[in-house]
Amino acid sequence: MSDLELMRERYLDLALDDFNGRDHSRLAARIVAAAQSGPAADAVLASVITLPSRSRWTALRPWLQAACLVVALGVIGWLIVQRATPPEIPRAEPLPAGVRGFAGSKHHREAEKPVLDQGIFTIETGAPEINAAGHSLRDISGRAVLNIGAAPDREFLTRLIPLFAAESLPLTKKEQAMLRNLKRWSIHGALALCVLSGSVILDGVKLELEAQDDAADEVAAYFASCDTNGDGKITWDEALARERESNRVRNEARNEAERKAYFALYEYVIEREWFLRIDADDNLEITQRELAKDIGGTPALKEGEAPPDDPPLNDKDLRQLAAANVADTWDGLIADADANKDGKLQQQEIRDHFLLDEVKRGGRILPDGTKEDWEDGVDEDISEAFDAADKNKDKKLDKAEYAEFAVIEFKAGDECFLYYSEQADSGRNDRNTSAQRVEPIKLTAGTTLFIKEMTPLKKDKAGNWTRKMEYKLVTIEKFSPLGFRAQSTVVDANKRTVPNGGSGSYHRGWPKGYDHDGYKLDTLKIGGVDYICGYNEYEVPHQQDINGEKVGGKGAKKVQVWHLRGLPGLEVKRIDDGEVVYELLEINIKK
Amino acid sequence: MTTPAQEFEAIVRSHVGPLWRYLRLLGCDGARADDLAQESLLTLWRKNLLDMEPAATQAWLRKTARYLYLDTLRADQRRRETALADAADAVFSEYEGVDGGESYTAQLKACLERLAGRAREAMDLRYRAGQSNTEVAAKLDLTEDGLKTLLKRSKEALRQCLGGRFES
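Read top to bottom, the protein sequences are chains A and B. The working numbering puts the first residue of the first sequence at 1, with every later residue one more than the last. The working numbering puts the first residue of the second sequence at 1001, with every later residue one more than the last.
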């Protein structure tokens, strides 16, 4: 790898690590403070006032010496005054530097001293002495959060973290855990205070961050988030409800801000399988002790030591897990796929639902009739399982029958198919190397297949596709079918002409004026139906195609990139020479 | 009237982010990048170089930061790191020269949007939500090795998506 490639890779890693943006305000404040108080004065004076050398100085006339001295002293005095004046921090609000009030907070000034009356505030290094709910706070070093009003409870702590996101104040995970831990808050009348770092003197008494096991904060944070009714235990139903709500909010997040808010709100979710592992006594309630044992009970690993495997779920756990998964899936199926609303589902309805769900989430139906899935996946024909579960042979499944159908234990000799699509690792100039493969796999009794490692496909010198694959077989697991065979046929096509560019201008990244946030809207008429789609329009640089691949002989051109999610079956067939061809594929699931 | 101290603070707020990223690109860890960014900006303050054009200020700060960074290394290390720093300068100018990295970030977001399935979920959890590999692996029911492979493949897809637009 060349130095340049190394740096490109490092830059990508940095961009990902700082994906949500990094707040440099603390570092900036630190630098400004250092400039205020640092040993810079001499250097500044020396660089600004260069006095004449001794020999030239003595050669000046006495009156000129006196005049120079007066001027020099005046300049020095002015500079000292300037240096002694601290930089004025730009104030977006009338609170002093180092103090910030959240939306809805109230404060006033008394004898030039800030008095905090109500709401949530943060105080940081550099804040002056303040009065909060009748208490004096001074010598603030580090960072603390104040709440003036009712004492914090679990519900307040759950709401608090998203407020930081709303105020654009970043919190580390550790700080979030500390804020969610009631034991971290000290209560003084109407003032509640949580020291996140350093110390503060409250009414003459020094309060400082107490060393505490991080795991205790983590446990407290989980409890505060997941014990929604605050009764000191997390029930199975409570955990499921929170997980479902988390999934719903995540799926409905429409933009970056909503996704960030989601992650701030649902950082602590106990997912069902984890719940069952934590629930050591199998009573479907998690106590703080059980959670602490799981979170805090893992001994520190030595360097190079692999973490131990999770303990296997027992049969009771598996039944619980399967029942919960079935219930979730059934609810979605009935809502979406039960066309005649009879509360039962036909095989075709079940297949269509799962396949369309895949497509909605970005999956594609490939021209050969299979579903694209470049990740690992197990594919099997559901007919046999459907017929076996259909007890009354009415070609429909009710909820109980569906439960039997959906929970499958593979038996010895069962054959599964592994679908995957990989881009061959053969360099950027060879662009026609992607392929889909189907791999039959025979299972042994009571086993589930996991793919542990799969290397990219490569073409050897003889033109054969090769790759390495490593499987891991583990004992007794149950799961629902993950994929289906499907065929697709073109039912309609729609052509649109995009503006011809050819200006030859070259842009790096997005062109100037590109609308990052909004799509333009247009209507595609396909099969007699109008589909409203969004698109962005930008210019493809010289000698590149729309994917950024280098291609010879192509000038810069304008293209439209259409966003087709939510319109299952519509595929971009071709984008070439200023013309885009769309095809609506009919999804015909193979029986 | 703006005082020199106010001018300096404006310079700090505008330049500290890019300077910090540049130092990270050179190979500094977070704490070292903090320290060297501070030292570079304080040197600017001590030398009273507050009235340069923004582009000239950025160039001066990068040069100073690069010198300070190389100065902390042993002589044998310095030779290797000087070559890498040249590459870092080229990449940084390419990605951040015009718009402070805005185009790159926008493109990266667009490329992330094109990822699908578990690759997308893994990248979201790992980088948008800032969760550890252990946490992400647990959520996606993967081993840590499996997650590393998935992230590696996803990054490769991102690199391919980004590559055409940013490699000259």
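Note that beta-carbon positions come from the ideal geometry of N, C-alpha and C, so glycine has one too.
Following the continuous beta strand (DSSP E) through Q1131(B), name the residue where it begins and the one where it ends.
Counting along the chain, Q1131(B) falls outside any beta strand (DSSP E), and DSSP gives it neither H nor E.
Contacts of Q1038(B) in chain E (Cβ-Cβ under 8 Å)
Looking for chain E here will not work: the only protein chains present are A and B.
Cutoff 7 Å; reference P1004(B); Cβ partners in own chain excluding five residues on either side:
L1050
Taking 9 Å as the CB-CB limit, is T1100(B) close to chain A?
The identity of residue 1100(B) in the sequence shown is Gly, whereas the question assumes Thr. Under the 9 Å criterion on CB atoms, G1100(B) is classed as non-interfacial with respect to chain A.
Pull out every residue of the stretch 262-275 of chain A whose Cβ sits closer than 8 Å to any Cβ of chain B, in chain order.
F263, E267, E271, E273 and W274
Can the beta-carbon of L1061(B) be found closer than 9 Å to that of H1015(B)?
yes
Under a CB-based cut-off of 9 Å, is W1060(B) close to chain A?
no
With L1023(B) and L1042(B) assumed to form a contact (beta carbons below 8 Å), what rounded beta-carbon distance in angstroms separates them?
Contact doesn't hold; Cβ gap of about 14 Å is too wide.
Out of K393(A), A324(A) and D338(A), which has the shortest C-alpha to C-alpha gap to A403(A)?
A324(A)
Is the number of C-beta pairs between the stretch 178-191 of chain A and the stretch 208-228 of chain A that are closer than 8 Å three or more?
yes
Please check the pair A28(A) and F1008(B), which I expect to be a contact at CB under 8 Å, by giving their CB distance rounded to whole angstroms.
Not a contact, Cβ separation roughly 11 Å.
Could you tell me whether the Cβ atoms of S186(A) and A192(A) are closer together than 9 Å?
yes
Using the Cα positions of S1132(B) and R1114(B), report the straight-line distance between them to the nearest angstrom.
23 Å
Distance cutoff 9 Å, beta carbons only. Does L16(A) sit that close to anything in chain B?
yes
Considering Cα atoms alone, identify which of K233(A), V269(A) and V145(A) is closest to R248(A).
V269(A)
Let's test the definition: count the other Cβ atoms within 10 Å of the Cβ of H108(A) and tell me whether it reaches 16, buried, or not, exposed.
exposed
DSSP three-state label for S105(A), please.
Residue state, collapsed to three classes: coil.
Is there at least one Cβ from chain A nearer than 9 Å to T1057(B)'s Cβ?
Cβ-Cβ to chain A under 9 Å: no for T1057(B).
Is any heavy atom of the ligand PLP found at a distance shorter than 8 Å from the C-beta of L321(A)?
No copy of the ligand PLP appears in this structure; indeed no ligand is present at all.
Evaluate V205(A) with the Cβ neighbour count: other Cβ atoms within 10 Å of its Cβ, from every protein chain shown; 16 or more gives buried, anything less gives exposed.
exposed
Give the DSSP-derived three-state secondary structure of A127(A) in the structure shown.
Here DSSP, grouped into helix, strand and coil, assigns A127(A) to coil.
Quick one: what does DSSP say I270(A) is sitting in, helix, strand or coil?
DSSP places I270(A) in coil when its eight states are reduced to three.
Proximal residues, the stretch 1005-1038 of chain B versus chain A, C-beta separation under 7 Å:
A1005, Q1006, F1008, E1009, V1012, R1013, V1016, G1017, W1020, R1021, R1024, L1025, D1034, A1037 and Q1038
Look up E112(A) in the DSSP assignment and say whether it is helix, strand or coil.
Three-state result, E112(A): coil.
Going by DSSP, name the residue or residues bridged to F121(A).
G101(A) and L146(A)
L1025(B) - DSSP class collapsed to helix/strand/coil
helix
My understanding is that G126(A) touches A33(A), with C-beta atoms under 8 Å, so please give their C-beta distance in whole angstroms.
7 Å between Cβ atoms; contact.
Have a look at K1139(B) and L1108(B) and give me their C-alpha separation to the nearest angstrom.
24 Å
Taking 9 Å as the CB-CB cut-off, is S2(A) touching chain B?
yes
If we ignore side chains and look at the alpha-carbon of each, how far apart do K227(A) and S246(A) end up?
Checking the sequence, you will find Asp at residue 227(A) rather than Lys. If you take the alpha carbons of D227(A) and S246(A), they lie about 14 Å apart.
For my contact list, I619(A) and A132(A) are in at a C-beta cut-off of 8 Å; report their separation, rounded to the angstrom.
Absent from the structure is residue 619(A), since the part of chain A shown begins at 1 and ends at 591.
Quick one: is L51(A) near chain B, going by C-beta distance under 9 Å?
The predicted model places L51(A) with a pLDDT of 25, which falls under 50 and marks its position as unreliable; any figure quoted below should be read in that light. Answer no: the Cβ-Cβ gap between L51(A) and chain B never drops below 9 Å.
H353(A) - DSSP class collapsed to helix/strand/coil
Reduced to three states, the DSSP call for H353(A) is helix.
How would you list, in chain order, the residues of chain B whose beta-carbon sits under 9 Å from the beta-carbon of H353(A)?
Per Cβ cutoff of 9 Å: no residues; H353(A) is ~18 Å from chain B at best.
Taking the beta carbon of K1056(B) as the centre, do at least 16 other beta carbons fall within 10 Å, making it buried, or is it exposed?
Note that residue 1056(B) corresponds to Ala in the displayed sequence, not to Lys. When all chains shown are included, A1056(B) counts as exposed.
CB contact below 9 Å: K174(A) versus chain B
For K174(A), no CB of chain B lies under 9 Å from its own CB, so it is not counted at the interface with that chain.
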